[in-house]
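**Q** Using numbering that gives the first Met the number 0, read the sequence shown as starting at 0 and increasing by one per residue.
Even for Gly, the Cβ is constructed at its ideal location relative to N, Cα and C.
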Amino acid sequence: MLIAGAGRTEITPPIGIAHAGWGAATHQRAEGVDMPFYATVLYVTDGELELAIVDLDIGVLTNFDDAAIRSEVSSTAGIKRENLRLSATHTHSGPVNRLSWLDEGMELVGPYWDSLPERVATAVNAARHSAKPAHVGVGTGSSSINVNRRPALDNGTLFTGRNWEGTVDQEVGVVAINDTDGNPIATLLNFACHP
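1) Suppose you measure from the CA of T75 to the CA of E47; what does that come to, to the nearest Å?
2) Note down the Cα distance separating V53 from W163, rounded to an integer number of angstroms.
3) Out of curiosity, what's the CA-to-CA distance linking A17 and G109?
4) Apply the 10 Å Cβ neighbour rule to W21 and answer buried if 16 or more other Cβ atoms are within range, or exposed otherwise.
5) Please say whether T39 and A122 have beta carbons closer to each other than 8 Å?
6) Nearest CA to the CA of T182: which residue from H89, D45, I14, K131?
7) Secondary structure at D178, three-state DSSP: helix, strand or coil?
8) Do you know how far the Cα of L1 is from the Cα of G58?
9) Taking the Cβ atom as the reference point for each residue, do V32 and E71 lie within a distance shorter than 8 Å?
10) Excluding sequence positions up to five away, which residues of its chain have a Cβ less than 6 Å from the Cβ of T8?
11) Just mark E30 as buried or exposed, buried being the case when its beta carbon has 16 or more other beta carbons within 10 Å.
12) Are the stretch 133-143 and the stretch 157-172 touching by the rule of at least three beta carbon pairs closer than 8 Å?
13) Bridge partners for S141 per DSSP, in chain order?
14) To the nearest angstrom, how far is it from the Cα of R161 to the Cα of S129?
15) How would you write the range of the alpha helix (DSSP H) that R69 sits in, first residue to last?
16) In angstroms with no decimal places, state the Cα-to-Cα distance between E103 and H91.
17) P132 bridges to which residues according to DSSP?
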């Protein structure tokens, strides 16, 4: 039988940290908090194999920080490193990584990233401890809000923009995980769209 649990912990970076931003941004530092950032975890097991799916509200995850998170989760939650799936939501409202070209707010970057492994492990442990027997349902839908972002010049050179005629994947994949009483534990979505 499938056993599943969900956990979440806040990972909002401090105000003043170097900000990932976007092309039109006119600032380098985060100036406030509009909404909190989270590490969200789905833990699943069949009683023998344990897996954790971890989504982080950050822009990008480097190999260095990926390895640090895997190491901490493995040592504190007992889940094998190879049984962790880590991903970034790719928010442009989050902090830069350690390799940034920015000048302002970089003094907060290292300490922020150094704090993530323990916070992610906290969310994984919360998910693991909340686990209960579960059922899975799968479905698909569609959405037309995405657009191909690779138009080409006449010479074939690609650039970032809007290619209204380009190929896009409009399928939305959904996996619902509910407890045995039908109460939701977690919902996984898959949709090809740049946030």
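**A** For this structure:
1) If you number the sequence shown from 1, residue 75 lands on position 76. If you number the sequence shown from 1, residue 47 lands on position 48. Roughly 18 Å separates the two Cα atoms.
2) If you number the sequence shown from 1, residue 53 lands on position 54. If you number the sequence shown from 1, residue 163 lands on position 164. Inter-residue distance for V53 and W163 is about 33 Å (C-alpha atoms, whole angstroms).
3) Mapped onto the sequence shown, residue 17 falls at position 18. Mapped onto the sequence shown, residue 109 falls at position 110. Across the structure, A17 and G109 are spaced so that their CA atoms are roughly 11 Å apart.
4) Locating residue 21 in the sequence shown gives position 22, where the first residue counts as 1. By the 10 Å Cβ count, W21 comes out exposed.
5) Your numbering for residue 122 matches position 123 in the sequence shown. Your numbering for residue 39 matches position 40 in the sequence shown. Going by C-beta atoms, A122 is nearer than 8 Å to T39.
6) Position 183 of the sequence shown, counted from the start, is the residue given in the question as residue 182. Correcting the residue type first, residue 182 is Asn in the shown sequence and not Thr. For the residues H89, D45, I14, K131, the minimum Cα distance to N182 belongs to K131.
7) Within the sequence shown, numbered from 1, the residue matching residue 178 stands at position 179. Here D178 sits in strand by DSSP.
8) Here residue 58 corresponds to residue number 59 of the sequence shown, with the count starting at 1. Here residue 1 corresponds to residue number 2 of the sequence shown, with the count starting at 1. Separation of G58 and L1 (C-alpha to C-alpha, rounded to the nearest whole angstrom) is 32 Å.
9) In the sequence shown, counting from the first residue as 1, residue 32 sits at position 33. In the sequence shown, counting from the first residue as 1, residue 71 sits at position 72. Taking 8 Å as the Cβ cut-off, V32 and E71 do not qualify as a contacting pair.
10) In the sequence shown, the residue the question calls residue 8 occupies position 9. Once the five neighbours on either side are set aside, the close Cβ partners of T8 are A38, R118, T121, A122.
11) Taking the sequence shown and counting its residues from 1, one reaches residue 30 at position 31. So E30 counts as exposed.
12) The stretch 133-143, when compared against the stretch 157-172, does touch it at the 8 Å Cβ threshold.
13) To locate residue 141, count along the sequence shown from 1; it is residue 142. The partner list for S141 (beta bridge, DSSP) reads E170.
14) Here the question's residue 161 lines up with position 162 in the sequence shown. Here the question's residue 129 lines up with position 130 in the sequence shown. Each residue's alpha carbon lies about 44 Å from the other.
15) Here the question's residue 69 lines up with position 70 in the sequence shown. Start and end: 62-76.
16) Here residue 103 corresponds to residue number 104 of the sequence shown, with the count starting at 1. Here residue 91 corresponds to residue number 92 of the sequence shown, with the count starting at 1. If I take the Cα positions, the gap works out to 17 Å.
17) As a first step, residue 132 is located in the sequence shown; it is residue number 133 there, counting from the start. According to DSSP, which records beta bridges pairwise, P132 is partnered with I2.
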